[in-house]
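There are 2 protein chains.
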Amino acid sequence: MHLQALVNEAPDQRPETIAVAQAADDDVLRAVIQATQHNMAQFCLVGSVEEIKQRIAHLGGQTEHYTYVEARSEREACERAVQQVADGQAKALMKGLVSTSTLLKAVLNKEKGLRTQQLISHVAAFEVPGYDRLILVTDAAMNINPDLKEKAKIIENAVSVAHALGLNQPKVAPVCPVEVVNPAMQSTVDAATLSMMNQRGQIQGCTVDGPLALDNAVSQDAARHKGIQSEVAGKADILLVPTIEVGNTLYKSLVYFARAKVGALVVGAKAPIILTSRADSDEAKLYSIALAAHYAAFHS
Amino acid sequence: MHLQALVNEAPDQRPETIAVAQAADDDVLRAVIQATQHNMAQFCLVGSVEEIKQRIAHLGGQTEHYTYVEARSEREACERAVQQVADGQAKALMKGLVSTSTLLKAVLNKEKGLRTQQLISHVAAFEVPGYDRLILVTDAAMNINPDLKEKAKIIENAVSVAHALGLNQPKVAPVCPVEVVNPAMQSTVDAATLSMMNQRGQIQGCTVDGPLALDNAVSQDAARHKGIQSEVAGKADILLVPTIEVGNTLYKSLVYFARAKVGALVVGAKAPIILTSRADSDEAKLYSIALAAHYAAFHS
Chain A
1 MHLQALVNEA PDQRPETIAV AQAADDDVLR AVIQATQHNM AQFCLVGSVE
51 EIKQRIAHLG GQTEHYTYVE ARSEREACER AVQQVADGQA KALMKGLVST
101 STLLKAVLNK EKGLRTQQLI SHVAAFEVPG YDRLILVTDA AMNINPDLKE
151 KAKIIENAVS VAHALGLNQP KVAPVCPVEV VNPAMQSTVD AATLSMMNQR
201 GQIQGCTVDG PLALDNAVSQ DAARHKGIQS EVAGKADILL VPTIEVGNTL
251 YKSLVYFARA KVGALVVGAK APIILTSRAD SDEAKLYSIA LAAHYAAFHS
Chain B
1 MHLQALVNEA PDQRPETIAV AQAADDDVLR AVIQATQHNM AQFCLVGSVE
51 EIKQRIAHLG GQTEHYTYVE ARSEREACER AVQQVADGQA KALMKGLVST
101 STLLKAVLNK EKGLRTQQLI SHVAAFEVPG YDRLILVTDA AMNINPDLKE
151 KAKIIENAVS VAHALGLNQP KVAPVCPVEV VNPAMQSTVD AATLSMMNQR
201 GQIQGCTVDG PLALDNAVSQ DAARHKGIQS EVAGKADILL VPTIEVGNTL
251 YKSLVYFARA KVGALVVGAK APIILTSRAD SDEAKLYSIA LAAHYAAFHS
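Respectively, the protein sequence lines represent chains A and B. Just so we're aligned, residue 1 is where the first sequence starts under the working numbering, counting upward by one. Just so we're aligned, residue 1 is where the second sequence starts under the working numbering, counting upward by one.
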């Protein structure tokens with residue numbers, strides 16, 4: 001599957017609405033306009049409405065395609081956008097010209113926020129040249145050093161994304177430096193434990209098998225070479241990394257060295273969150289919106 | 001610089017000798033014969049001499065090109081090969097058909113081994129498609145979770161490899177998930193400390209500057225985007241990873257996703273050690289021998 005397919009094959013039903021926290025930014029609006037052209041989503045644009053409309057017109061968009069909510073400060077923009085989701089008006093949240101921390105503060109607000117019982121985690125979907133399937137990497141951005149319980153929740157969040165992409169029983173590889181348990185490496189112990197939790201039904205909707213090293217997680221040749229018997233080896237859909245250090249480096253290695261395409265979501269709150277940054281390409285922003293649209297359509 | 005250039009441009013002087021611990025293996029001997037054809041090194045082949053000679057003849061090699069030392073067991077092959085290096089007959093050690101742990105045991109033997117004051121660490125040199133320089137990654141294989149002092153030694157070892165490759169003042173990026181110090185991430189604290197140790201002359205022969213994230217370590221665009229002022233950002237020659245988990249995943253991401261070419265050495269003992277595994281390609285074995293030959297010629 002290609003990320004572009006997610007853009008081209010918008011969900012069947014009427015597109016869901018995404019609330020954008022402070023949309024008065026050309027980079028953000030370009031992605032919004034493109035997504036609208038592909039009929040992927042509707043948008044509720046929160047921020048300085050007058051300025052947003054001017055920018056849309058300037059970028060060649062149609063101001064009447066969108067709904068608007070006025071907000072005067074960064075904090076207000078975040079709170080109002082979150083409010084749209086909390087009220088059910090919007091099914092996804094998108095970061096505009098606001099800081100991640102301000103947006104997450106509004107998301108995590110105990111009374112008016114979007115908290116659930118789930119952990120909030122980051123899931124990135126990569127299209128790697130030479131690989132015929134999307135490879136999800138989690139968590140490269142939110143959880144620094146998750147413990148076993150948190151890793152189980154991070155898997156569940158990634159599985160919910162895989163399901164939305166049509167992968168009914170995704171194969172999950174907890175990625176470690178080696179494919180055997182080494183008590184000196186907690187990641188290998190956690191990997192073995194997570195696999196058994198999956199076998200006992202404590203983690204559902206997927207097949208977890210690890211420890212695996214990255215090579216035998218994604219390459220059937222490498223798995224065969226090591227004589228690994230596993231449903232997941234060589235065919236992993238989801239790579240669970242042990243720490244943010246591993247995830248962030250893998251993410252950037254894929255983008256900068258392997259020239260992979262990527263879209264990403266934060267999941268685990270009441271609705272998916274698009275946390276793209278200025279450094280992301282227009283393409284990456286569009287792919288992230290596509291992921292959010294499919295996620296919202298599948299899980300609503 | 002390309003790895004093939006290291007093969008083609010063998011050191012000027014008479015090639016140094018590499019001792020191979022248990023050479024009775026076709027994969028190993030293929031690499032040995034190829035390296036001999038390129039005049040990169042001489043080889044002292046340790047193991048079942050009769051069998052080694054038969055295999056060389058079978059592979060089309062010239063048995064008279066090599067010296068031989070008989071050894072009957074795995075342990076004896078390791079000890080005799082190490083002995084060759086300890087005695088100064090050989091300037092590098094290569095793993096043949098023996099386990100890594102048996103070889104390292106012989107290397108680390110306090111009386112007859114090759115220990116020095118230095119830490120032993122792994123350095124991999126990658127040729128990444130689209131990048132015009134070799135990128136060294138350390139430590140992806142030996143040190144699980146190095147502390148600050150160990151990281152300093154790991155840098156020194158990698159710098160000794162860079163010097164042998166003609167990089168007089170390599171740029172070292174301690175790679176972290178972010179390019180700012182975050183006390184919740186020890187890697188960022190260590191990165192800042194290592195940079196200052198470099199400025200104070202405690203780590204020499206290189207320029208260390210971090211924390212950097214992988215993108216702003218290797219991409220000048222990414223560094224510019226973040227407004228990072230640094231001699232290293234975007235131009236790193238050496239990527240110091242915080243843990244074996246990061247290093248191993250980065251290594252395999254480069255090989256399997258970015259289709260990079262690689263050669264690797266273990267340094268810090270009295271001589272460089274080639275620790276290739278069965279899963280390595282013939283090319284990777286040859287590149288590792290080339291690295292060892294250049295290293296031995298430069299540092300002898």
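For each residue, glycine too, the CB sits at the ideal point set by N, CA and C.
Coarse secondary structure for B:H58, derived from DSSP in three states:
As a working mapping, residue 58 of chain B is identified with position 58 in the second sequence. In the structure shown, B:H58 sits in a helix (DSSP, three-state: H, G or I).
Considering only their Cβ atoms, is the gap separating B:P170 from B:T138 smaller than 9 Å?
Looking up residue 138 of chain B in the second sequence gives position 138. Looking up residue 170 of chain B in the second sequence gives position 170. No; because the gap between Cβ atoms is not below 9 Å, this pair is not in contact.
How far does the alpha helix (DSSP H) with B:V159 in it extend, from its first residue to its last?
To locate residue 159 of chain B, count along the second sequence from 1; it is residue 159. Segment L148 to A164, the alpha helix (DSSP H) holding B:V159.
Is the number of C-beta pairs between the region 65-84 of chain A and the region 9-26 of chain A that are closer than 8 Å three or more?
yes
Closer than 9 Å, CB to CB, is B:K226 near chain D or not?
The structure shown has no chain D; the protein chains it does contain are A and B.
In the DSSP assignment, the beta strand (DSSP E) including B:T17 goes from what residue to what residue?
By one-based count along the second sequence, residue 17 of chain B stands at place 17. Run containing B:T17: T17 to A21, per the beta strand (DSSP E) assignment.
Whole-angstrom C-beta distance between A:L214 and A:V175, which should lie under 8 Å:
The residue you call residue 175 of chain A lines up with position 175 of the first sequence. The residue you call residue 214 of chain A lines up with position 214 of the first sequence. About 5 Å separates the CB atoms of A:V175 and A:L214; that is less than 8 Å, so the two are in contact.
I need the straight-line Cα distance from A:L240 to B:T36, nearest angstrom please.
For the purposes of this step, residue 240 of chain A is taken as residue 240 along the first sequence, with counting starting at 1. For the purposes of this step, residue 36 of chain B is taken as residue 36 along the second sequence, with counting starting at 1. The straight-line gap from Cα to Cα measures roughly 43 Å.
According to DSSP, what are the bridge partners of B:I274?
The residue given as residue 274 of chain B occupies position 274 in the second sequence. Per DSSP, B:M94.
Does any CB atom of chain A fall closer than 9 Å to the CB of B:L240?
In the second sequence, counting from the first residue as 1, residue 240 of chain B sits at position 240. It does not; no Cβ of chain A falls within 9 Å.
For B:L45, the residue or residues it bridges with in DSSP:
For the purposes of this step, residue 45 of chain B is taken as the residue at position 45 of the second sequence. The partner list for B:L45 (beta bridge, DSSP) reads B:V20 and B:Y68.
What do you reckon, are the CB atoms on B:T63 and B:C44 nearer than 9 Å?
For this step, residue 63 of chain B is matched to residue 63 along the second sequence. For this step, residue 44 of chain B is matched to residue 44 along the second sequence. Not closer than 9 Å, so no.
Using a cut-off of 7 Å between C-beta atoms, extract the partners of A:P177 located in chain B.
Residue mapping note: residue 177 of chain A aligns to position 177 of the first sequence, counting from 1. Within chain B, the residues placing a beta-carbon under 7 Å from that of A:P177 are I244, E245 and N248, ordered along the chain.
Quick one: is A:D209 buried, meaning 16 or more other Cβ sit within 10 Å of its Cβ, or exposed?
In the first sequence, counting from the first residue as 1, residue 209 of chain A sits at position 209. Classification of A:D209: buried, given that the 10 Å Cβ count is 16 or more.
At least 3 beta-carbon pairs within less than 8 Å: the region 82-98 of chain A vs the region 231-238 of chain A:
no
Put A:E112 into one of helix, strand or coil per three-state DSSP.
Within the first sequence, residue 112 of chain A is the residue found at index 112, counting from 1. A small fix is needed here, since residue 112 of chain A is Lys in this sequence, not Glu. Of the three classes helix, strand and coil, the one that applies to A:K112 here is coil, per DSSP.
Please state whether DSSP places B:A35 in a helix, a strand or coil.
Position 35 of the second sequence, counted from the first residue, corresponds to residue 35 of chain B. Correct three-state label for B:A35: helix.
Does any CB atom of chain A fall closer than 9 Å to the CB of B:K252?
Here residue 252 of chain B refers to the residue found at position 252 when the second sequence is read from its first residue. Yes, B:K252 lies at the interface with chain A (some Cβ there is under 9 Å from its Cβ).
Count the CB pairs spanning the region 271-282 of chain A and the region 94-102 of chain A that are closer than 8 Å, and state whether there are at least three.
yes
Which bits of chain B does A:S187 rub up against, with CB to CB less than 9 Å?
Here residue 187 of chain A corresponds to residue number 187 of the first sequence, with the count starting at 1. Within 9 Å Cβ-Cβ: E245.
Spatial neighbours of A:M197 within its chain, please: C-beta separation below 8 Å, excluding the five flanking residues on both sides.
Position 197 of the first sequence, counted from the start, is the residue given in the question as residue 197 of chain A. Cβ neighbours of A:M197 beyond the five flanking positions: A152, I203 and V208.
Whole angstroms are fine: how far does the CA of A:L104 sit from the CA of A:A162?
Position 162 of the first sequence, counted from the start, is the residue given in the question as residue 162 of chain A. Position 104 of the first sequence, counted from the start, is the residue given in the question as residue 104 of chain A. Annotation: A:A162 to A:L104 spans about 24 Å, alpha carbon to alpha carbon.
Since A:I135 is in the beta strand (DSSP E), which residue starts that stretch and which ends it?
If you number the first sequence from 1, residue 135 of chain A lands on position 135. Looking at the DSSP string, the run of the beta strand (DSSP E) that includes A:I135 is I135 to T138.
On a Cα-Cα basis, can you pick out the residue from A:T188, A:S73, A:A5 and A:S48 that is closest to A:D132?
Within the first sequence, the letter at position 132 stands for residue 132 of chain A. The shortest C-alpha separation from A:D132 is found at A:A5.
Do the CB positions of A:P146 and A:T243 come within less than 9 Å of each other?
The sequence position of residue 146 of chain A within the first sequence is 146, counting from 1. The sequence position of residue 243 of chain A within the first sequence is 243, counting from 1. The answer is yes: Cβ separation under 9 Å.
Contact with chain A by B:D215, beta-carbon distance below 9 Å
Position 215 of the second sequence, counting from 1, holds the residue named residue 215 of chain B. So yes, B:D215 belongs to the interface.
Do you know how far the Cα of B:I144 is from the Cα of B:H122?
In the second sequence, residue 122 of chain B corresponds to position 122, counting from 1. In the second sequence, residue 144 of chain B corresponds to position 144, counting from 1. Distance between the alpha carbons of B:H122 and B:I144 is about 11 Å.
What is the DSSP secondary structure of B:Y125, counted as helix, strand or coil?
On the second sequence, residue 125 of chain B is found 125 positions in, with the first residue counted as 1. It is Ala, not Tyr, that sits at residue 125 of chain B in the sequence shown. Of the three classes helix, strand and coil, the one that applies to B:A125 here is strand, per DSSP.
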